[in-house]
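Each remark here refers to the structure printed beneath this line.
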Amino acid sequence: MGARSPRKNLDQSRAICRYVCEKHGEKGNRYLYGRNPLEKASIDEWVEAEGQSFNPPSSTLVFQLAFTPRMKIKQDEAAIKQSKEKLAKVLDVYDKRLAETRFLAGDHFSLADLSHLPNAHYLLASPDAAPLCTSSPNVARWWNDISSRHSWKKPVVHLSPAETHGNLLAARKKPCPNTD
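Residue 1 is where the sequence shown starts when you use the UniProt record's numbering, and the numbers rise one by one after that.
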């Protein structure tokens, strides 16, 4: 279900986030979507990088490492390996960027950072994927910065026990039936 305006329904999550930032920015972080056109353009670049470069391999890893064990589906080891390799390349670019700025789009937390939190949360909870995010010093610092925000910690408290680090580790160790 998307966001509604009088003339249009929005269905794409990143567009919905931009819309909410513009329409309701005064009710939260006023600068989540930038303070001027140049900041907004930079945020847009990094939101697109998340959607086109970070999301594809991270979503595959989240599904394969966090959900297939609980669904009793055999994990696709080739997809895991390929996604780790792709994500490592993306995070190398991020690490270089984060050596120059505190956050992806500059020195202020923004929608560019926020859009990475859901998948990164699951990646960091997985012993198989966490090293991708923790081995690069700037990515690790950035993750600690964005994931320690009260506005993120508050909803994460409500995750089910199956979505916690210990349960993801236990699920990964359980053998899954071969469904080939």
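Virtual Cβ for every residue (Gly too), placed ideally from N, Cα, C.
Let me know if residue i comes out buried or exposed under the rule of 16 or more other beta-carbons within 10 Å of its beta-carbon.
i	result
P57	buried
K84	buried
P127	exposed
L124	buried
I need the straight-line Cα distance from residue i to residue j, nearest angstrom please.
i	j	result
A140	S59	19 Å
H121	K8	32 Å
R14	S115	8 Å
M71	E77	16 Å
V93	A41	19 Å
I146	P69	28 Å
N119	E26	27 Å
Q12	W46	16 Å
F103	Q75	33 Å
R172	T134	Any reading at R172 needs caution, since the residue's pLDDT is 42, under 50, leaving its predicted position unreliable; the model's value is listed next. Using only the alpha carbons, I get a separation of about 19 Å.
A49	P131	21 Å
Looking at the secondary structure, which residues open and close the alpha helix (DSSP H) in which residue i lies?
i	result
P155	150–156
V90	77–100
Y122	117–125
E45	37–49
Check whether the Cβ atoms of residue i and residue j sit closer than 8 Å, and answer yes or no.
i	j	result
L117	L32	no
A129	L61	yes
V90	F54	yes
L87	N138	no
residue 182	D107	Residue coverage of the chain in this structure runs from 1 to 180, which leaves residue 182 outside it and unanswerable.
Which partner residues of residue i appear in the DSSP bridge assignment?
i	result
G106	F103
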